[in-house]
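Structure follows, in structure tokens:
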């Protein structure tokens, strides 16, 4: 089980009232919410291995070089991401809690959590469940292995199981073609413009007809006219530069450098003394006890 940790702690921050505070009055809503999420996942899915992936770089240089607008609207100042002030100090607490529990916490310099997930998925010998609220990771689903996404849009207790059949039913595309589809359609939440005038239906029709973005571009360059919805060929031709650059942004990396790590899910805390100290300092006894019960079970 691979956790898109930033996606989950943002969801916890907005899902648990900010009035939930520790003994010193500091907000701990994201910390408590994330701990309870992990407990629910462990009880409900019984993973044998787990990694909590992190953003070492939320806006990697290689993606910005390809598409300068990538996440540009979320920059607070300099290269810093716009993050609620009450969440910022909780991220360090989350990291300390994960380390004391012994849940592997992995990041890779110059890469996002998505890329760590992509790399671990590529390396995995068996089944993988990816927990995220980010649709970009739909590109990793693979029924043959199997690799699934446990999508959190409806909440951690009402996860949507995303496999190839889900992607096909939802978007009308081959089950493993989500990255090419997203490139064409674009994603305003990431500052990815897509092709002007090409929405979901046209993008789906193009990917279904040609099978992949590369095959569509080959047909475009070869002067093929069949299979292009009305008016789309001209728009696609005008967007050639974007379509050549965008895959570097959209596609999740599979070769991010990662340190060696034991992903075995711990049955008991790695550092119980530190965990007790964190629980006392931040008022985390109840959620940690629930998680420890789930791990022990």
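In our numbering, the protein residues as written are 16 to 312. For every residue, glycine included, the Cβ atom is placed at its ideal position computed from N, Cα and C.
Using the Cα positions of residue i and residue j, report the straight-line distance between them to the nearest angstrom.
{"i": "residue 118", "j": "residue 306", "result": "12 Å"}
{"i": "residue 258", "j": "residue 198", "result": "7 Å"}
{"i": "residue 166", "j": "residue 59", "result": "14 Å"}
{"i": "residue 88", "j": "residue 194", "result": "22 Å"}
{"i": "residue 36", "j": "residue 42", "result": "4 Å"}
{"i": "residue 312", "j": "residue 281", "result": "11 Å"}
{"i": "residue 157", "j": "residue 163", "result": "7 Å"}
{"i": "residue 34", "j": "residue 40", "result": "9 Å"}
{"i": "residue 145", "j": "residue 248", "result": "36 Å"}
{"i": "residue 221", "j": "residue 212", "result": "13 Å"}
{"i": "residue 56", "j": "residue 171", "result": "8 Å"}
{"i": "residue 116", "j": "residue 294", "result": "12 Å"}
{"i": "residue 46", "j": "residue 125", "result": "25 Å"}
{"i": "residue 276", "j": "residue 254", "result": "42 Å"}
{"i": "residue 175", "j": "residue 150", "result": "12 Å"}
{"i": "residue 62", "j": "residue 143", "result": "9 Å"}
{"i": "residue 273", "j": "residue 25", "result": "24 Å"}
{"i": "residue 256", "j": "residue 177", "result": "32 Å"}
{"i": "residue 54", "j": "residue 239", "result": "54 Å"}
{"i": "residue 288", "j": "residue 296", "result": "12 Å"}
{"i": "residue 223", "j": "residue 185", "result": "13 Å"}
{"i": "residue 152", "j": "residue 300", "result": "33 Å"}
Give me the Cβ distance between residue i and residue j, rounded to the nearest whole Å; I'm assuming they're in contact under 8 Å.
{"i": "residue 246", "j": "residue 225", "result": "That belief does not hold up - the Cβ atoms of residue 246 and residue 225 are roughly 17 Å apart, past 8 Å."}
{"i": "residue 131", "j": "residue 123", "result": "6 Å"}
{"i": "residue 81", "j": "residue 278", "result": "Rounded, the Cβ-Cβ distance is 31 Å, inconsistent with contact."}
{"i": "residue 269", "j": "residue 133", "result": "5 Å"}
{"i": "residue 66", "j": "residue 155", "result": "The Cβ separation is near 14 Å, so there is no contact."}
{"i": "residue 38", "j": "residue 298", "result": "5 Å"}
{"i": "residue 51", "j": "residue 74", "result": "Not confirmed; about 29 Å, so no contact."}
Span of the beta strand (DSSP E) holding residue i?
{"i": "residue 175", "result": "175 to 177"}
{"i": "residue 229", "result": "From DSSP, residue 229 is part of no beta strand (DSSP E) but of the alpha helix (DSSP H) over 228 to 236."}
{"i": "residue 119", "result": "119 to 121"}
{"i": "residue 84", "result": "Note, residue 84: premise wrong, no beta strand (DSSP E); not H, not E."}
{"i": "residue 19", "result": "17 to 19"}
{"i": "residue 66", "result": "66 to 68"}
Output needed for residue i: all residues of its chain with C-beta closer than 7 Å, excluding positions within five of it in sequence on either side, in chain order.
{"i": "residue 78", "result": "85, 263, 264"}
Count the other CB atoms, across all protein chains shown, that sit within 10 Å of the CB of residue i; report buried if there are 16 or more and exposed otherwise.
{"i": "residue 44", "result": "buried"}
{"i": "residue 179", "result": "buried"}
{"i": "residue 261", "result": "buried"}
{"i": "residue 191", "result": "buried"}
{"i": "residue 271", "result": "buried"}
{"i": "residue 105", "result": "buried"}
{"i": "residue 168", "result": "exposed"}
{"i": "residue 83", "result": "exposed"}
{"i": "residue 103", "result": "exposed"}
{"i": "residue 161", "result": "exposed"}
Considering only residues of the same chain and omitting the five flanking positions on each side of residue i, which have a CB-CB separation below 6 Å?
{"i": "residue 21", "result": "70, 128"}
{"i": "residue 200", "result": "209, 215, 218"}
{"i": "residue 187", "result": "219"}
Only counting the same chain, and skipping five residues up and downstream in sequence, which positions put a Cβ closer than 8 Å to that of residue i?
{"i": "residue 100", "result": "none"}
{"i": "residue 110", "result": "69, 120"}
{"i": "residue 97", "result": "89, 90, 91"}
Looking at the unbroken alpha helix (DSSP H) that takes in residue i, where does it start and where does it end?
{"i": "residue 260", "result": "255 to 260"}
{"i": "residue 347", "result": "Since the first residue of the chain shown is 16 and the last is 312, residue 347 is not available in this structure."}
{"i": "residue 145", "result": "Here residue 145 belongs to no alpha helix (DSSP H); instead the beta strand (DSSP E) covers 143 to 147."}
{"i": "residue 294", "result": "287 to 297"}
{"i": "residue 103", "result": "103 to 116"}
{"i": "residue 91", "result": "It is not in any alpha helix (DSSP H) - residue 91 instead sits in the beta strand (DSSP E) that spans 90 to 92."}
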